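In the UniProt record's numbering, the protein residues as written are 1 to 532.
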């Protein structure tokens, strides 16, 4: 858009394509912000290397045409648009419109529009050379695309509906009107078409499929009956078997069958099919060969196979029986393994104390007999938690602290065995001006048969704890807050602590119930929520 003073003159496009023989409308708009007493519109036409030529003009509502073009060009003032009717190739060029407005002064503006005249394309035709086809890797194919009418034609080749690009064996002419396939191979077979277009039209040719001769490829033999393993076909005595020989080829192959039996070779049949009626002599073996010829490419291929005539009916039945028996055995073993694994999982899930005891028995005894100091925690709530209690009988020296041992009938028999009990211990807060051991002794006397614990202490990697029971005062060292049942540290994971505690209480109650039925008295279980 060009602006001169207060006058604005606009056109939709500076290049317009028209169709020969059809009218063409050149739209022009203008506006201004001044008082006008006179409006003048002028249209000029110029060709390359020539001066502009006056076509027509107007002053206000009066049109002043050039008499040479008065029937070809139309102007309707105050509209500045120009209509060309009809459009011919000679009308191609630049059209200049100029508007002058006279008021307090004169303001003017002009625009230039390039007009191109095109002839619509006709449907293209594709010719193949040679039309008789070529042998792959030997001949070349040329495809030519032509149109009867059309200007500024653009050519585009398509293969199987997709745009075709230049490649190792695809070459295009300078205007893309010719496609060269050098050399032609089997992969070049397809549906080709030519798409032509110009700014005002587009057309596509009919599909053409060039002929390329190839093969034979992939020769193979198959049968409608019998057992086939590789190149060996096993057929039943007296069975009629139809063999089929096939290979990919263009044109179709010529087939022949050759039989070799007792060092005698002979052609027994022509064609892709062979019917064999097996002899009534069992365990007879015959060798055959199928040959395929392509008479155009001059290539051939052959495949050998063996036919074994035997009583395969019983063998098939026996084979099915063996397969069924093997399948049953495999199914049974698999089912047994699944049930065994499920049983072990449930056994470990609901009897974890036995698993834990086995793990603890594998530890060195010295690990459990290290005496440690009392806890240095300032608050008793820091010692709330889940602890592991291990009672080891001392067969030589008796109790660790005989002077503080408290005899009890429920624990005498326990000196002859290793026992492991998981228990949630409620910490007993310190009482002023009393010894820790005296506090636990008093608690034990008031609650005979219970396990009581002194204040535990933590080191960097272990929990040091002294407990008192009927067999004496025992100092132990256990791993700090380690879950032997689940196998992961959960000291700082409150959610895991809560879940583990619920599972532990259930297992403790189960173990306690089972123990009460035995000859040993079960210790009373303490439980409370973990410290938050």
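For each residue, glycine too, the CB sits at the ideal point set by N, CA and C.
The structure presented is a predicted model; accordingly, all values stated were derived computationally and were not measured.
Linking residue 94 to residue 135 through their CA atoms gives a straight-line distance of about 55 Å.
The straight-line gap separating the alpha-carbon atoms of residue 30 and residue 114 is approximately 19 Å. In the three-state DSSP reduction, residue 69 falls in the helix class (H, G or I). Rounded to whole angstroms, residue 310 and residue 247 show a C-alpha spacing of 29 Å.
Of all alpha-carbon atoms in 122, 205, 336, the one lying nearest the alpha-carbon of residue 191 is that of 205. Per the C-alpha coordinates, the member of 86, 222, 147 positioned closest to residue 120 is 147. Of all alpha-carbon atoms in 195, 124, 86, the one lying nearest the alpha-carbon of residue 22 is that of 86.
Taking a C-beta distance under 9 Å as the contact criterion, residue 274 and residue 227 do not qualify as a contact pair.
Here residue 178 carries a strand assignment [DSSP, helix/strand/coil].
The residues 134, 136, 139, 140, 141, 212, in chain order, have a CB closer than 7 Å to that of residue 184 in the same chain once the five nearest residues on each side in sequence are set aside. The segment 213-221 and the segment 244-260 touch, with no fewer than 3 CB-CB distances between them shorter than 8 Å. Among the bridge pairs identified by DSSP, residue 335 is matched with none. The alpha-carbon separation between residue 198 and residue 63 amounts to approximately 36 Å. About 6 Å separates the CB atoms of residue 293 and residue 253; that is less than 8 Å, so the two are in contact. Of all C-beta pairs linking the segment 99-106 to the segment 170-187, fewer than three are shorter than 8 Å, placing the two stretches out of contact. In the DSSP assignment, residue 232 falls within the unbroken beta strand (DSSP E) covering 232-236. Distances from the alpha-carbon of residue 232 to those of 286, 34, 168 put 286 closest. Between residue 116 and the set 267, 47, 270, the nearest pair of CA atoms involves 47. For residue 258, the beta-bridge partners assigned by DSSP are 267, 289. In chain order, 141, 143, 208, 210 place their CB closer than 7 Å to the CB of residue 128, counting only its own chain and leaving out the 5 sequence neighbours on each side.
Pairing residue 66 with residue 56, the inter-Cα distance amounts to about 5 Å. Around the Cβ of residue 340, a 10 Å sphere holds fewer than 16 other Cβ atoms; the residue is exposed.
Sequence-distant Cβ neighbours of residue 149 in its own chain, meaning closer than 6 Å and more than five residues away, are 119, 122. According to DSSP, residue 16 shares a beta bridge with 115.
In the three-state DSSP reduction, residue 187 falls in the helix class (H, G or I). Burial state of residue 50 is exposed, judged by a 10 Å Cβ sphere holding fewer than 16 other Cβ atoms. In the same chain as residue 89, and ignoring 5 residues on each side of it, the C-beta atoms closer than 7 Å to its own belong to 20, 117, in chain order. As computed with DSSP, residue 275 is found in a beta bridge with 242. With fewer than 16 other CB atoms across the displayed protein chains lying within 10 angstroms of its CB, residue 37 is exposed.
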